[in-house]
Every structure is written in C-alpha cells, then in structure tokens.
Amino acid sequence: AQSVTQLDSQVPVFEEAPVELRCNYSSSVSVYLFWYVQYPNQGLQLLLKYLSGSTLVESINGFEAEFNKSQTSFHLRKPSVHISDTAEYFCAVSGATGRRALTFGSGTRLQVQP
Amino acid sequence: KAGVTQTPRYLIKTRGQQVTLSCSPISGHRSVSWYQQTPGQGLQFLFEYFSETQRNKGNFPGRFSGRQFSNSRSEMNVSTLELGDSALYLCASSLSGQGPGNTIYFGEGSWLTVV
C-alpha cells in the first residue's frame with residue numbers, strides 16, 4: 001500500500017517570495033511521483049512528474065521538485081511565486097509495478113498575497 | 001483538441017436516489033478513471049476502465065459502479081445515495097492506462113450534492 005503526506009494544509013506567501021510545498025510518501029515498492037494543481041472550480045492539471053533518471057524535475061511555469069529516496073520526499077519549490085499561482089496543489093504517487101492508480105495527498109492550498 | 005468532458009457539472013439529489021455521471025475522454029484515449037474528491041477524505045480512486053473492461057478498482061462499496069462504451073465514453077452510477085456521497089467526481093483519461101508514461105488528463109468534475 002502507498003500513502004502520501006502533505007505536511008502543510010495551507011501556505012500563505014507574498015508575491016515574488018520563494019515557496020516550498022512539502023510531500024512525503026510511503027510505499028513498499030518503487031514509485032512514480034506527481035504534482036497536480038487545481039485552480040478554483042477546475043479539475044486537476046499535471047504540474048510535473050518523476051519517473052526515473054534525474055531526481056530534479058521541472059515544470060514549464062517555474063516549479064521544480066526533487067525526488068529524495070532516502071527521505072521519501074518529493075517537495076515542490078518555486079523561487080518566486082505570482083498571484084496566479086494561488087491554487088491547491090496535490091502530491092500523488094503510483095506504484096511502478098502492479099496497481100498504478102494514483103494515491104493523492106490531502107493537498108496544500110497556496111495563497112499568494114500581493 | 002477537446003479535453004475531458006464531464007456532464008452534468010452540478011446536480012442535487014435526494015438520499016436514496018441514484019445518479020449517473022458521464023465522461024467523454026480525450027479523442028483517442030482508451031483509459032478512463034474516476035476519482036471522488038471530498039473535504040474529509042480528499043481524492044480517492046474509484047475505478048479504471050480500459051477497452052470496456054474494469055481494470056482497477058478502489059475501496060468503495062458496491063453502490064458505486066461504472067461502465068465504458070465502445071467509443072471509450074464512460075459512465076459511473078451511484079445507487080441508494082447517502083449524504084456522504086456528496087463530492088466532486090473527477091474523470092480522467094489517458095492513452096492506454098495509468099502507467100506513468102501516459103499522462104493523465106482530468107475533467108473539471110461533476111459536483112454532486114445529496115440532500
């Protein structure tokens with residue numbers, strides 16, 4: 001079984017400040033890791049994913065996440081946030097073998113203030 | 001290219017009734033998955049269909065069922081509705097399944113309120 005823990009339910013931050021959204025996972029098998037973003041009244045959009053290879057993955061809008069196997073973490077970072085980044089962010093894991101349904105964390109609401 | 005389309009977007013049902021939600025995947029996508037999102041339980045996997053066959057199932061009671069048609073469109077049904085079934089139901093599609101090589105695209109969801 002897999003589980004995902006997002007340590008912060010809400011993260012308030014000022015515009016242009018850096019931000020880190022924390023994600024830890026638990027699994028008995030190798031995993032793939034994802035970050036999804038949900039804007040108000042919308043579905044989920046894939047932000048970035050780690051499958052294999054380089055442990056640092058980047059999205060097109062400036063977010064990055066680093067897979068740390070020893071700490072079982074996949075924290076999401078952005079060096080300078082914008083008002084438009086205000087949204088709910090979900091970390092998710094799926095098994096590399098066997099059942100590959102996504103297991104989601106509880107989400108972190110990023111609130112960017114001017 | 002149209003995205004994942006879910007209908008209806010909003011609906012209100014009474015306890016004990018049943019509801020059917022519809023999902024049209026992205027053209028060419030053969031896998032459709034359903035997720036339930038609630039404030040208390042978060043996002044939970046319901047089931048996945050691929051080529052009209054249920055391939056994966058989450059931990060939900062038998063009141064929750066689904067099916068997929070030959071054109072990959074999918075429906076999910078919840079019978080004997082309970083207040084706790086109030087949720088956002090999200091449909092997701094991908095080319096051939098939930099393997100990570102297949103990016104999963106989500107619809108905007110169907111908001112179900114049970115009163």
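As you go down the protein sequences, you meet chains S and V in turn.
Counting along the first sequence from 1, when you hit position 17 you're at 17 in the numbering used here, and nothing is skipped either side.
Counting along the second sequence from 1, when you hit position 75 you're at 75 in the numbering used here, and nothing is skipped either side.
Note that the Cβ used here is the ideal one computed from N, Cα and C, for glycine as well.
A quick note: this is a predicted structure, and the numbers were derived from the prediction, not measured.
Can you list, in chain order, the residues of its chain with a C-beta nearer than 6 Å to that of residue 95 of chain V? Leave out the 5 residues immediately preceding and following it.
Taking the second sequence and counting its residues from 1, the one referred to as residue 95 of chain V is at position 95. So the qualifying residues of the chain are 29 and 102.
Counting only Cβ-Cβ distances shorter than 7 Å, please list the residues of the segment 12-26 of chain V near chain S, keeping chain order.
none
What does the Cβ neighbour count give for residue 36 of chain V, buried or exposed, with the cut at 16 atoms within 10 Å?
Counted from its first residue, the second sequence places residue 36 of chain V at position 36. Residue 36 of chain V is buried by the Cβ-count criterion.
By how many angstroms is the C-alpha of residue 70 of chain S removed from the C-alpha of residue 64 of chain S?
Residue numbering aside, residue 64 of chain S sits at position 64 when the first sequence is read from its first letter. Residue numbering aside, residue 70 of chain S sits at position 70 when the first sequence is read from its first letter. Cα to Cα, the separation comes out at about 19 Å.
So residue 95 of chain V contacts chain S; which residues on that side make the cut at Cβ distance below 9 Å?
Numbered from its first residue, the second sequence carries residue 95 of chain V at position 95. None at all; the shortest Cβ gap to chain S is about 14 Å.
Of all Cβ atoms in chain S, is any one closer than 8 Å to the Cβ of residue 103 of chain V?
Locating residue 103 of chain V in the second sequence gives position 103, where the first residue counts as 1. Yes, because at least one Cβ of chain S sits closer than 8 Å to the Cβ of residue 103 of chain V.
Can you grab the Cα-Cα spacing for the pair residue 16 of chain S / residue 75 of chain V, in whole Å?
In the first sequence, residue 16 of chain S corresponds to position 16, counting from 1. In the second sequence, residue 75 of chain V corresponds to position 75, counting from 1. Taking the straight line from one Cα to the other gives about 43 Å.
Mind reading off the beta-carbon distance from residue 72 of chain S to residue 2 of chain S? Whole number of angstroms is fine, and I expect it under 8 Å.
Position 72 of the first sequence, counting from 1, holds the residue named residue 72 of chain S. Position 2 of the first sequence, counting from 1, holds the residue named residue 2 of chain S. The pair is not a contact, with the Cβ atoms about 11 Å apart (cut-off 8 Å).
Identify, in the order they occur along the chain, each residue of the same chain with its Cβ nearer than 6 Å to the Cβ of residue 92 of chain V, setting aside the five sequence neighbours on each side.
Position 92 of the second sequence, counted from the start, is the residue given in the question as residue 92 of chain V. Closer than 6 Å at the Cβ level, and outside the excluded window around residue 92 of chain V, lie 33, 104 and 106.
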